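Taken in order, the sequence shown gives residues 128 to 222; the numbers are from the working numbering.
No residue lacks a Cβ here, since even glycine has one placed at the ideal position from N, Cα and C.
All of these numbers come straight from a predicted model, not from anything done at the bench.
Below you'll find the structure, written out as structure tokens, and then a few comments.
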Amino acid sequence: MQSVIELADLSAEQQLCLETAVRCAGLTEVQPHLWTGTLARAGSARRGFVYRATVEPLIDRGLLRHALVGILPTDAGIELVDCGRVARAVAEGRA
128 MQSVIELADL SAEQQLCLET AVRCAGLTEV QPHLWTGTLA RAGSARRGFV YRATVEPLID
188 RGLLRHALVG ILPTDAGIEL VDCGRVARAV AEGRA
């Protein structure tokens with residue numbers, strides 16, 4: 128069985144959070160449960176933007192993952208940002 132996630136299925140804040148994680152090589156925790164772009168470039172629209180409640184739902188959907196350095200995008204998360212949708216195999220009963 129295949130599960131399809133489209134970028135339009137995510138809220139605007141989730142889309143921005145995921146795009147920031149992909150474009151900035153991950154998210155870094157600046158305070159407990161407050162995340163910002165790891166390599167946010169000077170002049171970037173995302174520079175200093177802090178995400179609060181959007182990280183965990185994206186992890187639950189397999190688009191972001193915990194790592195030693197913070198939060199990193201998964202291959203599915205990168206594909207979703209680049210292509211606008213991602214399809215992947217899901218075990219029966221886990222749709």
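Cβ-Cβ separation, residue j to residue i (assumed contact under 8 Å), whole Å
{"i": "P200", "j": "L145", "result": "7 Å"}
{"i": "V182", "j": "V157", "result": "V182 to V157, Cβ: 12 Å. No contact."}
{"i": "V196", "j": "G153", "result": "6 Å"}
{"i": "A203", "j": "G189", "result": "5 Å"}
Nearest-angstrom Cα separation, counted from residue j out to residue i
{"i": "A135", "j": "V149", "result": "17 Å"}
{"i": "G211", "j": "D187", "result": "19 Å"}
{"i": "R192", "j": "I198", "result": "6 Å"}
{"i": "C151", "j": "E140", "result": "16 Å"}
Boundaries of the alpha helix (DSSP H) in which residue i is found, first to last residue
{"i": "R150", "result": "A139 to R150"}
Opposing strand residues paired with residue i [DSSP bridges]
{"i": "P200", "result": "L191"}
{"i": "E156", "result": "W162"}
{"i": "E183", "result": "Beta-bridge pairing links E183 to no other residue."}
The beta strand (DSSP E) enclosing residue i, as first and last residue numbers
{"i": "V91", "result": "The displayed coordinates of the chain run from 128 to 222. Any statement about residue 91 would go beyond what the structure contains."}
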